[in-house]
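Under the numbering used here, the sequence shown is numbered contiguously, ending at residue 1192. The next block holds one structure in the form of structure tokens; read it before the comments.
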Amino acid sequence: MQCNSEKEDADEMNSTLSDQNGTRHDRKHSDSRDVRIVEENQKSSIDPNLYLYDDDLETRPHISTFISSIANYENTIPAATDPDAKPPPPSARMGTLIGVFLPCIQNIFGVILFIRLTWVVGTAGAVCGFLIVLTCCCVTMLTAISMSAIATNGVVPAGGSYFMISRSLGPEFGGAVGMLFYTGTTLAAAMYIVGAVEIVLTYMAPWASIFGDFTKDAEAMYNNFRVYGSLLLVFMGLIVFLGVKFVNKFATVALACVIFSIIAVYIGIFDNIHGNEKLYLCVLGKRLLKDIPIENCTKEDPIMVDMYCPDRKCDEYYLNNNVTKVKGIKGLASGVFYDNIMPSFLEKGQFISYGRNSVDIENIGSQSYNQIMADITTSFTLLIGIFFPSVTGIMAGSNRSGDLADAQKSIPIGTICAILTTSTVYLTSVLFFAGTVDNLLLRDKYGQSIGGKLVVANIAWPNQWVILIGSFLSTLGAGLQSLTGAPRLLQAIAKDEIIPFLAPFAKSSNRGEPVRALLLTIVICQCGILLGNVDLLAPLLSMFFLMCYGFVNLACAVQTLLRTPNWRPRFKFYHWSLSLIGLTLCISVMIMTSWYFALIAMGMAIVIYKYIEYRGAEKEWGDGIRGMALTAARYSLQRLEEGPPHTKNWRPQILVLSKLNENLLPKYRKIFSFATQLKAGKGLTICVSVIKGDHTKISNKAVDAKTTLRKYMTDEKVKGFCDVLVAQEIGEGLSSVIQTIGLGGMKPNTVIIGWPYSWRQEGRYSWKTFIQTVRTVAACHMALIVPKGINFYPESNHKIGGNIDIWWIVHDGGLLMLLPFLLKQHRTWRNCKLRIFTVAQIEDNSIQMKKDLKTFLYHLRIEADVEVVEMNNSDISAYTYERTLMMEQRNQMLRALGLNKKENSKVDTQNEEKRNSIQSDGADSTEAPDSRTNKDESTEKPDVNIKSSAKPDEFNVRRMHTAIKLNEVIIEKSQDAQLVIMNLPGPPREVRAERESNYMEFLEVLTEGLEKVLMVRGGGREVITIYS
């Protein structure tokens, strides 16, 4: 009786508990249904084909929205424009010829070509002159290769080398080199102005001299240059201030003058192939004379006698040598080239003469009479410094990147072709000048032996005025361009706020002109003009340009050697060794040319660098120095901890969560191979496993497991660290690892976790651990990678070919674009081809969407085929309803089984034997809750049958519809792909077993029939950029 009474009480208790649980379940079910109705109303605008990603689309844009906003970009710093002009209508973007080639030609050809190249050839000789020009051209060619790599590694705004270096090497280097570039540009303006004045006063209007006959006094000549140069600077400064429009239009005229002048010189060389009778030199012995009319060039002429025999005491050299007339322009057919092969370097004060005989070149007497003397001491290295400004100007194309139709194509082609063209002109000019002009006339710097005429002008066809006017206008145009560009460069540096004392120069006038920067530029330019000598200005500004070019080469070498994920130049013909050779050449030329000028330039750079470092540059541009800190020790770790890395420096620092089997061996070996392939043998990887238990009792097992984990990492060549954590619950242990692993800036930002293949058999606890990990990773703002079908992934020592298909549904920071690029860096995936698929919504223009996506990929420097998939908004199929109903029936069964488990546990607390039995059943349920007794199954069958007649939940139907439709399309397009990469939909927000189980089912349906799948979820930040 007592047993029966107890049984009745138990039945009554079970009935009561069942009613209470049923009521509570109905209420909960009703509440959740209301929540879903609200969600459905809020998300009614979502494409039915993408309903599985509805939670993601609230915070992350659909691809069509994203690429349409980023495919088109504009320059960040506007070019010089006329403030008074009306805004012009949008014009066609410039191509390679107009936008890069011709501007580079204009900037490279300059005043040195016309007024110094013949002197360089005569002084250095044909061989050394050729080497001087070749060395300078090699410096610019190697720099152009490095610059092309940097310029095609994303969008380069206006600012040229300053922006390239500052965004590659950091604000300290950027600020220092930016100021050097600014100073060099300003001094170039001074050199152009002095050169223009020299052309006018020396060759066009010598009568305008203020300080007397400057042919007899070098200081008088320099004083003339200083006065007229200062006046010309004021005039040009007013033009720049008032009429930028005129400056831009004058550039076309100057370019035309340069091209026509060079053509006239070449025509003249071949026109005078046998020489001409227009120019004769008067030579005393072997010495060149000046101020003697050619008709008076005889030893007995009264003018000569009066000059060399004052008071009837004749000069000894005059008595021992005859006076002869020598043809100045001998022509290519004369063989004069052989006389000009060897160098004729002189010291200041020595006579210009044939040969190296000391009797002819040394001034033994007290007077020089009318014999022409060297005004400076010359050497091979000095001539390099004087000639080098002739090859500068290679940044003109990169400065206009915002105006180019295709900057990444035009900049390398246009710049390199311009350098090849100008180098060809310079090198052939060296040979032609040496083969056409007499040696003495080549070495006559100012043309004093031919009545103050320009040597190049007298070679040209049809007459010398073509060259005189053309060289003056082109030099004037180059000076105006320098005075226009330098203030804007200074303003750009000031606006970056990396040099605090430049802050006042960041402001513009009401007309948008950088007036303050222009005034400072004029002051610095005036200081250069006060030097009054092109031969002093040229080596000085050469130092500043060589420093800039050296840092461009350094930036390319650093980025190449670091192999940062963002370093993806579209220009492929570069190598770090070429950049280092270019850097070495720049430093060598600086030191050889003028070590004291080199020290001035280097000292200026060091002072600015230390000043910026001392004041604390608060700019983070994703530079290479920050990237180098990722592999440094404590100091770099502290720097990295100052803030998150820039997008350009982002790289996957991987945390691999490896599951162990019963023998404490990693369950999936190939997850380590995949980590190696993703890092391409570089970077840091941390592998962690979690063991359930008490650490004080199983610490030995943890040590053994860690040893095994390390062996697996070594076998698979994973570079990094490993660890094993013992925790009471696997989920909590994984959560702790994700939150705390890493040190400072070396904390992992990407988690790789295996797919729980047996989640249906192992019950809710398996998917609960997986989904809890997904939520933890998202909360920590880390990226998540879930490889499915990991056993089918290739080994690291294998090479495969085929396609890697990216299904880009939701923009997650660009991780889907970056991962295949990183995989292709490894030999295993290198031969694979990328294909990118994205889904067009109903309102999307698929044609424009494909065009925008191609543009975006082009700017990312990623080569891939693009396909936009249009999914029809079809009705939900009966198969979808059936799959949803099966999923819900399974959930109901599991819920009921869980309820029976609770009921049995409470009833059997009064019976020790039954309690032990129940505990045994509970242990089994942890591993496989579906394996129940026949009684449990029969108990649940009536409920299942009742549910099967009900209509499935619309909320689940829509998601199942998305999964099935997407899976069908993916299977159709990517069935044979070597790897399919897709967005991982976000986990359910509600922490409920039903929703979580449904989520796993949706993922299974989404990836059904695919052998190798990589599901990716970004960490909520951009990891890839189109900018350099």
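Idealized CB from N, CA, C, for every residue including glycine.
Reference T579; option with closest CA among V1180, P816, F735 and I905: That would be F735, whose Cα lies nearest to the Cα of T579.
Segment limits, alpha helix (DSSP H) that includes P335: P335 to E362
Coarse secondary structure for Y832, derived from DSSP in three states: coil
Status (buried if at least 16 other CB within 10 Å, exposed otherwise) for T748: exposed
M311 and S562 closer than 8 Å at C-beta: yes
8 Å Cβ cutoff met for I693 and S394: yes
DSSP state of G884 mapped onto helix, strand, coil: In this structure, G884 counts as strand in the three-state DSSP scheme.
Stretch pair the region 884-894 + the region 851-861: three plus CB contacts closer than 8 Å: yes
Nonlocal neighbours in the same chain, by C-beta distance under 8 Å from S532, ignoring five residues either side: F515
Candidates C446, Y775 and N1009, of which the one nearest T462 by Cα: C446
Whether S508 touches G289 by CB criterion (8 Å): yes
For N1193, three-class secondary structure by DSSP: Only positions 165 to 1192 of the chain appear in the structure, and residue 1193 is not among them; the question remains open.
A1004 in three-state terms, based on DSSP: strand
Where the alpha helix (DSSP H) containing A582 begins and where it ends: Taken as a continuous stretch (DSSP letters only), the alpha helix (DSSP H) holding A582 covers A571 to T600.
DSSP three-state assignment for L618, whether helix, strand or coil: coil
Nearest candidate by alpha-carbon position, reference L763, set V716, G1182 and S706: S706
With 16 other Cβ atoms within 10 Å as the buried cut-off, status of S960: buried
Exposure label - G611; buried when at least 16 CB within 10 Å: buried
Nearest-angstrom Cα separation, counted from R652 out to A670: 9 Å
Between the CA atoms of D1029 and K659 - distance to the nearest angstrom: 40 Å
Sequence-distant residues of the same chain with beta carbon closer than 7 Å to L298, five excluded per side: L591
Beta-carbon contacts of S837 that lie in its chain and below 8 Å, excluding the five residues immediately before and after: E880, Y957, P958, E959 and S960
Contact check, H945 vs G1183, beta carbons under 8 Å: yes
Validate contact between the region 864-873 and the region 896-905 using beta carbons, cut 8 Å, 3 pairs: no
Straight-line gap, G342 to L718 (C-alpha atoms, nearest Å): 15 Å
Burial state of V303, where buried means 16 or more other Cβ atoms lie within 10 Å: buried
Rounded straight-line distance, which links the Cα of R280 to that of K883: 58 Å
Other residues of its chain near Y713: CB distance less than 6 Å, five sequence neighbours each side excluded: T307 and C750
Collapsed DSSP secondary structure at E383 in the structure displayed: helix
Meets three-Cβ-pair contact criterion under 8 Å: the region 664-680 and the region 522-532: no
Proximal residues to L397 (C-beta, below 7 Å), its chain only, five neighbours per side dropped: I357, I686, C689, Q690 and I693
V361 to W814 span [Cα, whole Å]: 53 Å
Sheet register partners of S952 (DSSP bridge): What sits at residue 952 in the sequence shown is Lys, not Ser. The partner list for K952 (beta bridge, DSSP) reads V1177.
Segment contact, 8 Å Cβ cut-off, at least three pairs: the region 1007-1014 with the region 1168-1186: no
For L448, the residue or residues it bridges with in DSSP: R451 and V487
Identity of the residue in T937, W971 and F552 nearest I276 by Cα: F552
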